[in-house]
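Residue numbers (the working numbering), protein chains in the order written: chain A, -12 to 98; chain B, 72 to 205.
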């Protein structure tokens, strides 16, 4: 394989975004007890931020948490996991925040 | 290098510099806890620290964050904490920032004592100059 082919493959990989990385995975609220008879359902939310060279804020993280909270309007959310990752491209990249948790509804004296 | 190429290079450099001058923000870390059902009183606070060339002399800038949250919720319990630590570069200057969002839950069993632990009092040591009965 010639050097020109290798350069072409590398350029193609950069153009389509070949590098994905997870920066952090944070977990909280796993020590909460689930009341007997409560309705438990898994919820998740994911937000993206498309960036050219540099981003100006990290609002995508706040939006992910707000989306998750909105999915459990009448209950509390436990076992929350937040995963921050990014996908790199050529001069551009995408930031992603994926948050998930368990919505507990229908239990007396929830807090 | 031809004049055309030089102009393209200058245009690209201008785009890069103007983008960086607007601030290059990156999320460093997040923290989450369970989210309560009662979300009527959201609380939020933020602290930041600016340094030339990113040379910071201490990391105490965020120490007041918990106390600032407590002040916003003196009669309740702070839960549903979402914290994030981000840094922003403005060419030669770095700004570090810690932002915390949470909910203040008031009700039974969530008094001010829940957020303001009583100061610890050391037990007197017998035989010491300050200890024993006065």
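Here a beta-carbon is modelled for each residue, glycine too, at the ideal position from N, C-alpha and C.
Shown here for residue 166(B): same chain residues with a beta carbon closer than 6 Å to its own, the five before and five after excluded, namely 119, 121 and 159 in chain order. Chain B has a Cβ within less than 8 Å of the Cβ of residue 65(A). In the structure shown, residue 99(B) adopts extended strand secondary structure according to DSSP, grouped into three states.
For residue 93(A), not one C-beta of chain B is nearer than 8 Å to its own C-beta.
In this model, residue 37(A) and residue 56(A) are separated by some 23 Å (Cα to Cα). Only residues of its own chain outside the window of five on either side were considered, and among them 146 and 147 have a CB closer than 6 Å to the CB of residue 177(B), listed in chain order. Non-local C-beta neighbours of residue 114(B) in its own chain, meaning closer than 8 Å and more than five positions away in sequence, comprise 140, 143, 144, 149, 172, 173, 174 and 175, ordered along the chain. Taking a C-beta distance under 8 Å as the contact criterion, residue 169(B) and residue 11(A) do not qualify as a contact pair.
Considered as a whole, the stretch 113 to 191 of chain B harbours 113 to 123, 148 to 161 and 164 to 176 as its complete beta strand (DSSP E) runs of no fewer than 3 residues, in chain order. Following the DSSP letters along the chain, one finds residue 55(A) in no beta strand (DSSP E) but inside the alpha helix (DSSP H) bounded by residues 46 to 57. Taking C-beta atoms under 8 Å as the contact rule, residue 31(A) and residue 83(A) fail to qualify, at a distance of about 12 Å.
Short of 8 Å from the beta carbon of residue 128(B), and not among the five residues preceding or following it, lie these beta carbons of its own chain, in chain order: 122.
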